[in-house]
Structures are given as C-alpha cells and as structure tokens.
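>
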Amino acid sequence: MLAGFAAAAFASLGYVIASWPPARLAWLLDGVQPALLAAGYWGIIWGWLPALAGTLAMRSPKQLPGPKAARRQPDAMPLLVSGLLAVILVVTIPAAHNDTAETQTPLAAPPPPDAPSPTPYGWPDRSDAFQPAGENWCPGEGVSISWHEPEGATGHRGMGFDLTNTGTGPCVVESYPDIAFNNAEGWAIDVLLVHGGSFMTDDAGVSAITLLPGQSARAFLGWNAMAAAGDVRTGTMLVAPYAGTLRHSSPVDLDIIDGGAVSVTAWELVTDPAGTKDNTRQNP
Numbered sequence: 001m002l003a004g005f006a007a008a009a010f011a012s013l014g015y016v017i018a019s020w021p022p023a024r025l026a027w028l029l030d031g032v033q034p035a036l037l038a039a040g041y042w043g044i045i046w047g048w049l050p051a052l053a054g055t056l057a058m059r060s061p062k063q064l065p066g067p068k069a070a071r072r073q074p075d076a077m078p079l080l081v082s083g084l085l086a087v088i089l090v091v092t093i094p095a096a097h098n099d100t101a102e103t104q105t106p107l108a109a110p111p112p113p114d115a116p117s118p119t120p121y122g123w124p125d126r127s128d129a130f131q132p133a134g135e136n137w138c139p140g141e142g143v144s145i146s147w148h149e150p151e152g153a154t155g156h157r158g159m160g161f162d163l164t165n166t167g168t169g170p171c172v173v174e175s176y177p178d179i180a181f182n183n184a185e186g187w188a189i190d191v192l193l194v195h196g197g198s199f200m201t202d203d204a205g206v207s208a209i210t211l212l213p214g215q216s217a218r219a220f221l222g223w224n225a226m227a228a229a230g231d232v233r234t235g236t237m238l239v240a241p242y243a244g245t246l247r248h249s250s251p252v253d254l255d256i257i258d259g260g261a262v263s264v265t266a267w268e269l270v271t272d273p274a275g276t277k278d279n280t281r282q283n284p
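Just so you know, we're using the working numbering here: the sequence shown kicks off at 1 and counts up by one.
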C-alpha cells in the first residue's frame, strides 16, 4: 500500500510540475486526487486487507494446558471483518471518486433557445409612390388580375398579365402598371422597373383605354435571364392598375433576383380574350 502511494505521489508531482502555474490553485488537485484514490483503493483491497486477514488466520495457536496439546481452530472473525471492509471499500471508494469527478467537472451550459424566425416583410398592398388618378380610372378594388405563363428564347424572358374590369360600369386605364416583387421566402426585393419594350416585348406607349364590364387590358414584362444560382428567386409578383391603388398578388417562379432589372409595357386593349384563357391563371 505504501509503495502504491509512493508511486502515485511521484506521478502527482509530475502532474503538478507540468501544470504549473495553474489558472487556479484548486485545479492542481484534479490530477492528484484520482491517482491517490486509485493507489489507496488497490493498496487496501488487494494489499493490506488480504495480508491482515491472512496474518490473523495463520497466527500460531496457543498451547492448551494438559498432557496433550490441542490445536485451536483459526478464528473466523478477522476474515469476516476484513471481507466486510473489502466489500464496503469496493462499493464506496469508486462512488466517492465518481461524485468528486462530477463535482469538479463544470456543468455544460444549456443550449440557447431557438430564436423565433423573423416575419418576412414584403411589399405593401399599395405603392408608396402615389400616382394621381385620372377621370374614371379603373381602381384596384374594381378589377381582377390574371397572369400568363412565362416564355423564354435565347436567354430572354417575357410574360403577359391581364387586367379585367369586374365593376358594373366602364372604367379607364391610362398608365403603366405598378409592379413589385417578393422573393420565395416572402421578403421584398429591389428590382428596377423600366417603362418600355424588351427583346420579347413591344411597347406602344400610354393611351386611354376604356374597358366595359368584362373587358380586359394587357401588359407585358420582359427581362434577360439572370444568374439565379445561390440567390433566392422571385416567389410573388404584385400588380396594380397604377401606383397608389390596390395591388393584386400571385405566386410566380421567375429567375428575377434582388438587384435585377425588368421592363414593363403600358396597358393595351385585349382584342382576343377568347385566345388568352388557356395560358392565364387568376390571382388568388
């Protein structure tokens, strides 16, 4: 047992020297205590107690008076006591060592709670850029908007969308559409709108168009294919008859990204309403 403690003391001294100077003096015991506990555990269980039990059991018996010497049976009490102590030490010393290690080990900080996802901020349902309405202009509340499917050719894109008078009387469209885009996550994105035509669209310019109930006007969006790899694409398109009135929205999947540029034509009268329904979708 003494040899075990001596070896543990030398190992502990080496740990102290290697760890000097410590950040805190109490931390020097982190490497010393386990070595001393291990030396005491193995020295007592496998060294001192068996030796004590054997010594007591094999002690020479006393001679009884009389003509014949009778050999006294070895006393079993030392064996029972040493065995009981061995069992107690086997159970308590490792448990005490584990409790000490758990006490010295700093508890890990609990993980921070998950931060709530921010609410996406998209473009408002009315443009901040107010455009004075002309006489009897079609308001956003009195029309419906439907979108055509986008088309592409040689790196260029084009898409039409229709405005239909849903009121009970005629109204006038005489402007460029008011358009805004949100990305696929619902956040507003900044896209430059240019009034005019493009590679796939022609712009006749602004003219006063009177729409009877049920009649439609059409405008076209044109843009060049954008490198959308790694960027969030457009997920929603908002359209109003003119800036300042109610916008209608529809989910779209277009390769238009933040910082891109698109062109838009002025409203023009739809002369073939029957031929446009197969390729349009109504706003929700």
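We put the CB at the ideal spot given by N, CA and C, even for glycine. From a predicted model like this one, the values you see are computed outputs, not experimental measurements.
Comparing C-alpha positions only, which one of E149, E174, P34 sits nearest to A217?
Of the candidates E149, E174, P34, the one whose C-alpha sits nearest the C-alpha of A217 is E174.
> To the nearest angstrom, how far is the alpha carbon of A225 from that of G214?
One C-alpha to the other measures close to 34 Å.
> Between the Cα of V239 and those of Y121, P139, G155, spot the shortest distance and give me the residue it belongs to.
Here the closest residue by C-alpha is P139.
> Let's test the definition: count the other Cβ atoms within 10 Å of the Cβ of M237 and tell me whether it reaches 16, buried, or not, exposed.
Its Cβ being crowded by 16 or more others within 10 Å, M237 is buried.
> Closest to N136 by CA distance: which of R233, I189, A208 is it?
When each option's Cα is compared against that of N136, the closest is A208.
> From the DSSP output, which residues share a beta bridge with D162?
Looking at the DSSP assignment, D162 forms a beta bridge with S146, R218.
> Is there contact here, the segment 143-163 with the segment 187-207, by at least three beta-carbon pairs under 8 Å?
Short answer: they touch.
> So what's E174 in DSSP terms, helix, strand or just coil?
DSSP places E174 in coil when its eight states are reduced to three.
> Ends of the beta strand (DSSP E) at P251?
P251 -> beta strand (DSSP E) spans 248-254.
> Provide the residue span of the alpha helix (DSSP H) that contains L56, from first to last.
Segment 49-57, the alpha helix (DSSP H) holding L56.
> Please state the DSSP three-state secondary structure of I257.
If DSSP states are grouped into helix, strand and coil, I257 belongs with coil.
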